[in-house]
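Engineer: Under this note's numbering, the final residue of the sequence shown carries the number 345; numbering is consecutive throughout.
Built from N, CA and C at the ideal position, the CB exists for glycine as well.
Since this is a predicted model, take the numbers as computed values, not measurements.
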Amino acid sequence: MKAYVIAFSTNGCRTAMAVRDALEGEDVSLFAKTTMDTLGIEKVSESMRSWTRKAFEECDAIVFVGSVGIAVREIAPFIKSKDVDPAIVDLDELGRFCIPLLSGHIGGANELSLRIAGSVGATPVVTTATDINGKISIDAFAVTHGLSIDRLKPAKDVSARILEGSPVGLISDFPIKGEVPKELSSGKDAPTGVYIGEKDEKPFPVTLRLIPRRFVLGIGCKKGTPREAIEERVGLALKEAGITIKSIRACASIDIKSDEEGLLSFAAEHRLPITFYTSEELNAVPGEFSKSDFVRSVTSVDCVCERSAVKASRDGRLVLRKFAGEGVTAAIAEEEFAVDFSDRKGSR
């Protein structure tokens, strides 16, 4: 997770440092917008509007250390939709209260606020209805269990029925582990329900389709390849494989491509984590792969896209071998998947 934390006073800077400690292991950057002592934290010289715009584009989460009013005013012009907005969390400058303001479920702000509060000793102030009523949040469950929400409107309908105690059906094309939550009932006998699968089906009059993110993209490209070329080739590869970008869990490539702006921009645009492997790691991947003497001469690997897809999918099965064109190669590998209710994050 990439997070920006911004403070507006010296006390706020102390709290911002505590937030950074709470998020150990994450990519956290600290900023300060104040004339006071920043305790060594980088000062923001640009306008808050400009800083916030950039943060929305670059980050998975933004933590404001200051009044809620400051946070609300700054984020308001940039709010788009709960499925694309970053998690927004606010703490007062003394770290007494921690409030998820935006993208509580899909963006993970609720989870983030609980994590921060538990570390800095703050009181988390979570206000989303399913959480305070002790019900499963289907969108939070989806995010934490590798499922993409096909459309937001049915997700709202499902949440409303869960809150009012009405029956919500559940059908899954994939194995289910653990006990199905009491808010859901297996079968089609409900006017509203959740379908977990990859088919374009609506087994309920109102159907929320959750798509398993169980595929990994392996990508190779020539030096300097623009994002648009990668986007086009990947789109054709997905069409060839008969899957959607919402089914993709991650991307992978070779480490010598780790500074390719087009590749990094593609991954960021789709909010996909990307992993880069050394030639030694890729050559150690077992299996039969496409071979290119030219690619081997440049990278020391016979087929970057196929090997990286299999590696990142934990030795998954290739469902699309090297698909090449316009200086880009793409391959897709699939992972085993099950719907796991045994560790039911998304409910409290």
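Does the beta-carbon of T275 have 16 or more other beta-carbons within 10 angstroms, so that it is buried, or is it exposed?
Structural biologist: It is exposed - the Cβ of T275 has fewer than 16 other Cβ atoms within 10 Å.
Engineer: So, G184 versus G166, is the Cβ gap smaller than 8 Å?
Structural biologist: Yes. Within cutoff.
Engineer: Go ahead and label K132 buried or exposed: buried means 16 or more other beta carbons lie within 10 angstroms of its beta carbon, across all protein chains shown.
Structural biologist: Buried, since its Cβ has 16 or more Cβ neighbours within 10 Å.
Engineer: Can you name, in chain order, every residue of its own chain whose Cβ lies under 8 Å from the Cβ of G175, other than the five neighbours on each side?
Structural biologist: Result list for G175: D337, F338, S339, D340, R341, in chain order.
Engineer: Thinking C-beta only, is V213 closer than 8 Å to A327?
Structural biologist: Not a contact, by the Cβ cut-off of 8 Å.
Engineer: Cβ atoms of E278 and G215: under 8 Å apart, would you say?
Structural biologist: It is not a contact, given that the beta carbons lie outside the stated cut-off.
Engineer: Considering S116, what are the terminal residues of the alpha helix (DSSP H) in which it resides?
Structural biologist: Start and end: 106 to 117.
Engineer: Within a Cβ cutoff of 8 Å, which residues of the same chain sit near S78, ignoring the five residues on either side of it in sequence?
Structural biologist: Taken in chain order, the residues that qualify are L149.
Engineer: May I ask which residues mark the beginning and end of the alpha helix (DSSP H) holding I129?
Structural biologist: Run containing I129: 126 to 129, per the alpha helix (DSSP H) assignment.
Engineer: Since V282 and I251 should fall inside the 8 Å C-beta cutoff, what is the C-beta to C-beta distance between them, to a whole number of angstroms?
Structural biologist: At roughly 12 Å, the Cβ-Cβ gap does not stay under 8 Å, so V282 and I251 are not in contact.
Engineer: Note the first and the last residue of the continuous beta strand (DSSP E) segment covering G166.
Structural biologist: Element bounds for G166: 165 to 169.
Engineer: Could you give the first and the last residue of the continuous alpha helix (DSSP H) run that contains F28?
Structural biologist: No alpha helix (DSSP H) holds F28; the beta strand (DSSP E) holding it covers 24 to 29.
Engineer: Measuring CA to CA, which of V123, R246, C218 is closest to G322?
Structural biologist: Closest option to G322, Cα to Cα, is C218.
Engineer: Which term fits F263, buried or exposed, when burial requires 16 or more other beta carbons within 10 angstroms of its beta carbon?
Structural biologist: Buried, because 16 or more other Cβ atoms sit within 10 Å of the Cβ of F263.
Engineer: Can you name the start and end residues of the beta strand (DSSP E) that I346 belongs to?
Structural biologist: Outside the shown range of the chain, which is -2 to 345, sits residue 346, and nothing can be said about it.
Engineer: DSSP state of L181, grouped into three classes?
Structural biologist: Of the three classes helix, strand and coil, the one that applies to L181 here is strand, per DSSP.
Engineer: Which word fits F5, buried or exposed, when buried means at least 16 other C-beta atoms lie within 10 angstroms of its C-beta?
Structural biologist: That one is buried.
Engineer: Is DSSP giving F273 helix, strand or coil here?
Structural biologist: DSSP places F273 in strand when its eight states are reduced to three.
Engineer: With respect to the beta strand (DSSP E) encompassing K(-1), which residues constitute its N-terminal and C-terminal limits?
Structural biologist: Where K(-1) is concerned, the enclosing beta strand (DSSP E) stretches over -1 to 4.
Engineer: Whole angstroms are fine: how far does the CA of V117 sit from the CA of L91?
Structural biologist: Spanning the two alpha carbons is a distance of roughly 10 Å.
Engineer: Name the DSSP beta bridge partners of P121, please?
Structural biologist: Paired residues: C95.
Engineer: How far does the beta strand (DSSP E) with L88 in it reach, from first residue to last?
Structural biologist: Start and end: 84 to 88.
Engineer: Can you tell me where the alpha helix (DSSP H) with C248 in it begins and where it stops?
Structural biologist: Careful: C248 lies outside any alpha helix (DSSP H), inside the beta strand (DSSP E) at 245 to 251.
Engineer: Closest by CA to G259, which one among A126, A226, G22?
Structural biologist: Cα-wise, what sits closest to G259 is A226.
Engineer: R345 to G143, Cα distance in whole Å?
Structural biologist: Low per-residue confidence applies at R345: pLDDT is 35, beneath 50, and the placement is therefore not dependable, though the value from the model is reported in the following sentence. Spanning the two alpha carbons is a distance of roughly 19 Å.
Engineer: Is there contact between the region 189 to 205 and the region 111 to 130, where contact requires at least three CB pairs shorter than 8 Å?
Structural biologist: Segments in contact, no.
Engineer: Could you check whether A29 and V41 sit closer than 8 Å to each other, using their CB atoms as the reference points?
Structural biologist: Closer than 8 Å, so yes.
Engineer: Do you know how far the Cα of V177 is from the Cα of G343?
Structural biologist: Reliability of the predicted coordinates at G343 is poor, the pLDDT of 42 falling under 50, and the value obtained from them is presented with this limitation in mind. Spanning the two alpha carbons is a distance of roughly 13 Å.
Engineer: Starting from G259, follow the alpha helix (DSSP H) in both directions and report where the run begins and ends.
Structural biologist: Where G259 is concerned, the enclosing alpha helix (DSSP H) stretches over 258 to 266.
Engineer: Is it buried or exposed for V81, if we count other Cβ within 10 angstroms and need 16 for buried?
Structural biologist: The residue in question, V81, is exposed, as its Cβ has fewer than 16 Cβ neighbours within 10 Å.
Engineer: Per DSSP, what are the beta-bridge partners of R206 in this structure?
Structural biologist: Answer is Y192, bridged to R206.
Engineer: Quick check on the DSSP output: the alpha helix (DSSP H) that includes F347 runs from which residue to which?
Structural biologist: No answer is possible for residue 347: it lies beyond the span of the chain, which begins at -2 and ends at 345.
Engineer: Counting only the same chain and skipping the five closest in sequence on each side, list residues whose C-beta sits under 8 Å from that of R158.
Structural biologist: P164, V165, T189, listed in sequence order.
Engineer: Would you give the residue range spanned by the alpha helix (DSSP H) that T35 belongs to?
Structural biologist: Taken as a continuous stretch (DSSP letters only), T35 belongs to no alpha helix (DSSP H), as it is neither H nor E.
Engineer: Who are the Cβ neighbours of G9 in its own chain at under 7 Å, not counting the five residues just before and after it?
Structural biologist: Closer than 7 Å at Cβ, skipping near neighbours: V62, G63, E90.
Engineer: Grab me the residues of P270's own chain with a C-beta within less than 6 Å of its C-beta, minus the 5 sequence neighbours each way, in chain order.
Structural biologist: Closer than 6 Å at Cβ, skipping near neighbours: A247.
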